[in-house]
Amino acid sequence: MGKQEDRKSQGRHASRDRQQPARRREPLRDNYYYEEPSRGGDSFDQFEDISSSSGGYRQDFEDISSYSSSRKRQEDQRELRSAARREERRKTDTRQGRGEAQRSHKPPKKKKSPARRVLGVCLALLVVALVGLAGAFLFVLSGLQVAPLTGDLGTGSSAYTDSMVKNIALFGVDARDDSNEGRSDVLAVLTVDNRRGKLKLTSILRDSQVYIDGYGYDKATHAYAYGGPELAIRTLNQNFHLDITDYVTVNFAEMAQIVDAFGGVEITLTADEKREINRNLWDLSQETEGVIRHTDFMADANGQVVDLLGSTYSDSTELLNGNQAVAYGRIREIDSDDARVSRQQRVLQALVAQLKKKNIFQYPGLIREVASHCETSLGAGKLLSLSPIVLRGLSLETLSIPGEEEAPYGGYTDSGSWVYIYDTELAAQHISRFIYEEDSPYYGGA
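For any residue, its number in the working numbering is found by taking its place in the sequence shown, counting from 1, and adding 3.
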């Protein structure tokens, strides 16, 4: 009976830790075993007899032999209490969760290496440089007259397009004043081909008969006068299957200043062309007082400026200033309108040749001067996207429409105006091959 009470007593003391996992007992030097600290208890009612160590759940060590000394007993008890405290801390950390425990032990900040510091400085300088370049670019173009296009431009599915080839309508308006109203004596397509590194100029003769939306068949030059750049672009797109969405208009009254900004243009002149330049300069002097100077007139074969029309002139290569270049581009009395277009193209080719002589540091001042004399739909962002062509070496190829391939002939409109008549579909295919070369759907080989 006494032994049974002892077992019950022992059971009551151990029942507080009913659900403690089984502990592994390890032999010690003084021949006793102990259990690891409790991981939790259960109710006294659910206690089971732990007569064997394999199924027991004990918080305190089980004494199955005598201690060798009281000091050893105290040491073991202190160790058990310390172990219990460690276990309690571990359980607390477990309840808080792994994420919270990680946040409570943040890793030390890593020191930046010298290489990373240098990279950071370089990136900062790059940002500053880009901001500076953007500001300089906007300053250079601050005088540009930007007029966005809002109407129907007639770009349809029949137009071939290339993201690296930009076609821009170029209009030369002979308004003889500061306005950009009137007919476009120059009607051309400027192609910026960043795929091949080329500039191309397709000139459409001003007297070409084309269909003008809302006006029927008429001279191409009249489209600008009827509806400004929108209608003129729509006329080019519809008649020649182009994808033009932007334009640049230059007034002949300001073209002289653009040429002067480039430092003039070098042109080879015939004797007849020199006489016609003087004739046109005289006419301009009567229309606009104070614009034409005495020094603008071409000298005769003897180097004199005496009898403008009666003097004898000789062929030579001359550096023409702005007024002279405008007068040269207006010559048409001695040959034809086709020849006049060829002269205008030579002026543009000479401008490109002058540009190639300049260094890149002269570009900003030149662009700023030219921009103030142009009206365009091209904003700063679009112009910047076209700039890579400048870094690839400039060249200008030209085409005049109509040419022999179109077999043009002369005729008259219903209003009695004389026009060039030709197949605009054939012309559209010719222009496509010229602009897109081997990528054109009409390309037939070299």
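Note that beta-carbon positions come from the ideal geometry of N, C-alpha and C, so glycine has one too.
Pick helix, strand or coil for residue i, following the three-state DSSP scheme.
{"i": "A150", "result": "coil"}
{"i": "G414", "result": "strand"}
{"i": "E306", "result": "Sequence check: residue 306 is Gly here, not Glu. In the structure shown, G306 sits in coil (DSSP, three-state: anything other than H, G, I, E or B)."}
{"i": "K360", "result": "helix"}
{"i": "E292", "result": "coil"}
{"i": "D196", "result": "strand"}
{"i": "L389", "result": "helix"}
{"i": "Y446", "result": "coil"}
{"i": "E279", "result": "helix"}
{"i": "L287", "result": "helix"}
{"i": "G266", "result": "coil"}
{"i": "L312", "result": "coil"}
{"i": "L208", "result": "coil"}
{"i": "F255", "result": "helix"}
{"i": "Y218", "result": "coil"}
{"i": "I334", "result": "coil"}
{"i": "Y423", "result": "strand"}
{"i": "L351", "result": "helix"}
{"i": "F437", "result": "helix"}
{"i": "T238", "result": "helix"}
Please report how far the alpha carbon of residue i lies from the alpha carbon of residue j, in whole angstroms.
{"i": "T416", "j": "Y214", "result": "12 Å"}
{"i": "N300", "j": "Q352", "result": "A quick correction: the sequence has Phe, not Asn, at residue 300. Between F300 and Q352, the C-alpha separation is close to 23 Å."}
{"i": "V355", "j": "V422", "result": "31 Å"}
{"i": "N240", "j": "G413", "result": "23 Å"}
{"i": "N254", "j": "V262", "result": "12 Å"}
{"i": "V134", "j": "G384", "result": "Low confidence applies here, because V134 scores a pLDDT of 40, under 50, leaving its location unreliable and the question unanswered by this model."}
{"i": "V208", "j": "A410", "result": "In the sequence under discussion, the amino acid at residue 208 is Leu, which differs from the Val named in the question. About 14 Å."}
{"i": "N197", "j": "L312", "result": "46 Å"}
{"i": "D310", "j": "E269", "result": "24 Å"}
{"i": "V130", "j": "P444", "result": "With a pLDDT of only 49 at V130, under the threshold of 50, the placement of this residue in the model should not be trusted; the figure read from the coordinates follows. In a straight line, the C-alpha of V130 is about 44 Å away from that of P444."}
{"i": "T315", "j": "A304", "result": "6 Å"}
{"i": "G154", "j": "L272", "result": "42 Å"}
{"i": "G267", "j": "Q307", "result": "21 Å"}
{"i": "G332", "j": "G217", "result": "31 Å"}
{"i": "V350", "j": "L147", "result": "22 Å"}
{"i": "G447", "j": "E408", "result": "14 Å"}
{"i": "E292", "j": "L284", "result": "12 Å"}
{"i": "L386", "j": "L173", "result": "15 Å"}
{"i": "E233", "j": "H433", "result": "24 Å"}
{"i": "Y366", "j": "T427", "result": "38 Å"}
{"i": "F364", "j": "L358", "result": "12 Å"}
{"i": "S85", "j": "E91", "result": "10 Å"}
{"i": "R81", "j": "R89", "result": "12 Å"}
CB residue i to CB residue j, shorter than 8 Å?
{"i": "L399", "j": "L202", "result": "yes"}
{"i": "S380", "j": "Y250", "result": "yes"}
{"i": "S206", "j": "A191", "result": "yes"}
{"i": "K169", "j": "V195", "result": "yes"}
{"i": "S418", "j": "D341", "result": "no"}
{"i": "A274", "j": "D318", "result": "yes"}
{"i": "A430", "j": "P391", "result": "no"}
{"i": "S166", "j": "H244", "result": "no"}
{"i": "T320", "j": "T248", "result": "no"}
Just confirm the distance between the C-beta atoms of residue i and residue j, as a whole number of angstroms; I'd bet it's less than 8 Å.
{"i": "N326", "j": "A256", "result": "The pair is not a contact, with the Cβ atoms about 11 Å apart (cut-off 8 Å)."}
{"i": "T401", "j": "L204", "result": "5 Å"}
{"i": "A150", "j": "S187", "result": "Not confirmed; about 15 Å, so no contact."}
{"i": "T224", "j": "C377", "result": "The Cβ separation is near 19 Å, so there is no contact."}
{"i": "Y163", "j": "S388", "result": "Going by Cβ atoms, the distance from Y163 to S388 rounds to 20 Å, so no, they are not a contact pair."}
Are the region 285–292 and the region 372–390 touching by the rule of at least three beta carbon pairs closer than 8 Å?
-> no
Could you tell me whether the region 270–280 touches the region 327–346, using the rule of 3 or more Cβ pairs below 8 Å?
-> yes
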